[in-house]
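End of the sequence shown = 145 in the numbering used here, gap-free, step of one.
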Amino acid sequence: MSGAALTGTILAYGACTFFAWVGHHHDQACKTTDGLCWTWWDWAAIPLTLTLALTVLVVVYKRLGIRPRIAVIPPTLLLAPLPLAAAQTTAGWWATALAGGAWACSLALTTWTRYRIQGVSAAAALLLAALIVLYR
């Protein structure tokens with residue numbers, strides 16, 4: 010579980026830093042434009058982040074023996090933006106990193122039958138808390 014939590018923490022921190030860099034690059038490139046302005050990084054940020062996270066999770070989870078990966082990795086990637094965005098809006102990059110670690114750990118915990126209820130409960134609590142923070 011610590012390996013999954015560490016992987017989630019590193020991926021969340023990396024994504025937070027990358028999106029901050031993309032926002033800064035966008036501000037610099039579009040400073041002189043009055044209308045709509047998009048840079049290549051604006052269009053590529055999400056696909057690049059998802060591709061890198063998918064690759065890292067597949068490799069790390071295979072090494073850690075987390076199975077079935079097909080049941081753990083898609084929810085980890087597709088639902089992670091909610092707790093990460095809630096943590097980012099509330100407390101910044103460090104909370105985003107912690108939320109990423111908690112999210113990855115709780116979903117990896119569901120792969121063991123003995124801890125499945127605790128893992129699903131922790132993931133559901135994180136999602137509910139994120140929805141409350143984002144939509145209150």
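The C-beta atom is built at its ideal place from N, Cα and C for all residues, glycine as well.
As the structure is a prediction and not an experimental result, all values here were calculated from the model.
Item, Value
"Between the C-alpha atoms of A113 and T42, what's the straight-line distance to the nearest angstrom?", "40 Å"
"What are the boundary residues of the alpha helix (DSSP H) that includes T18?", "11-38"
"Looking at the secondary structure, which residues open and close the alpha helix (DSSP H) in which W50 lies?", "49-73"
"Ends of the alpha helix (DSSP H) at L86?", "78-88"
"Evaluate contact between the segment 46-54 and the segment 28-36, counting only Cβ atoms and requiring at least three cross-stretch pairs below 8 Å.", "yes"
"Is the beta carbon of R78 sitting closer than 8 Å to the one on V67?", "yes"
"Could you check whether the segment 10-29 touches the segment 109-127, counting it as contact only if at least three pairs of C-beta atoms, one from each stretch, sit closer than 8 Å?", "yes"
"Is there contact here, the segment 95-105 with the segment 117-125, by at least three beta-carbon pairs under 8 Å?", "no"
"Going by alpha carbons, who is nearest to Y144 out of S115, A117, G12, T99?", "T99"
"Could you give the DSSP three-state label for W103: helix, strand or coil?", "helix"
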